[in-house]
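In our numbering, the protein residues as written are 12 to 171. Just so it is clear, CB atoms sit at the ideal spot from N, CA and C, and this is done for glycine as well. Computed from a predicted model, the values in this text were never measured in an experiment. I have placed the structure first, in the form of C-alpha cells, so that the comments after it can refer back to it.
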C-alpha cells in the first residue's frame, strides 16, 4: 500500500463520517461532523494498522477481525453515552444517534480495506434511513392507529 492509497482510505473514512455527521448537526443532535468524522478516521486507522506491513505489523485476517471486533465493542460504549432516559420520562432518546456512530465506525473499517462497492451501497442506504425513516414511521403509525409523537421515532417511545 503506497502513501496515496493510505491517504485515500483515511480521507474517505473521515469525509464519509463528516458528511454523515452533517445530517445529525442539521437536526441538532449530540454527535455531528467532528465526532463522526473522527469515528470514521479512528476506525480506518485501527484497521489499516494491522492490514499492511508498511503501516503496522500486518498480522493478516485474524488481526483485522480482532481489531474490527474491538472497534465495534468500543464504539458501543461511545454510543451508549448518547442514549439517555430523562428522569420522570419513560422515553429513551439517542438511539438513532448511537446507531449513526456504530455505522460510521463500520464504514471507516470498510474504507480501511477499500471495500468501495460496499461503501457505495451503504452510504446512500444510511441517508435513506435517516431522511426517509421518520416520515415513513409517521405515515405507518397514522395508518395503523398508533399515535404520532413530535420528533420521536418508534425506538424512542415508551413501551406499550
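Item to complete: Please classify residue 20: is it buried, with 16 or more other beta-carbons within 10 angstroms of its beta-carbon, or exposed?
Response: Sequence index remark: in the chain shown, residue 20 carries index 9 (1-based). Result: buried.
Worksheet entry | Residue range of the unbroken alpha helix (DSSP H) whose run includes residue 16 | What you label residue 16 is simply residue 5 of the chain shown in a count that begins at 1. Note, residue 16: alpha helix (DSSP H), 14-37.
Discussion item. Tell me the rounded alpha-carbon separation between residue 114 and residue 140.
Written reply: Numbered from 1 along the chain shown, position 103 holds the residue referred to as residue 114. Numbered from 1 along the chain shown, position 129 holds the residue referred to as residue 140. Going by C-alpha positions, residue 114 is about 12 Å away from residue 140.
Item to complete: Report the partner residues of residue 104 according to the DSSP bridge assignment.
Response: As a working mapping, residue 104 is identified with position 93 in the chain shown. Looking at the DSSP assignment, residue 104 forms a beta bridge with 95.
Fill in: Selected residue, minimal CA-CA separation from residue 32, among 58, 125 and 108
In the chain shown, counting from the first residue as 1, residue 32 sits at position 21. When each option's Cα is compared against that of residue 32, the closest is 108.
Discussion item. If distances are taken between C-alpha atoms only, which option among 149, 118 and 101 comes closest to residue 132?
Written reply: Taking the chain shown and counting its residues from 1, the one referred to as residue 132 is at position 121. That would be 118, whose Cα lies nearest to the Cα of residue 132.
Worksheet item: Can we say the segment 12-19 touches the segment 85-99, given the rule of at least three CB pairs closer than 8 Å?
Response: By the Cβ criterion, the segment 12-19 is not in contact with the segment 85-99, since fewer than three pairs of Cβ atoms, one from each stretch, lie closer than 8 Å.
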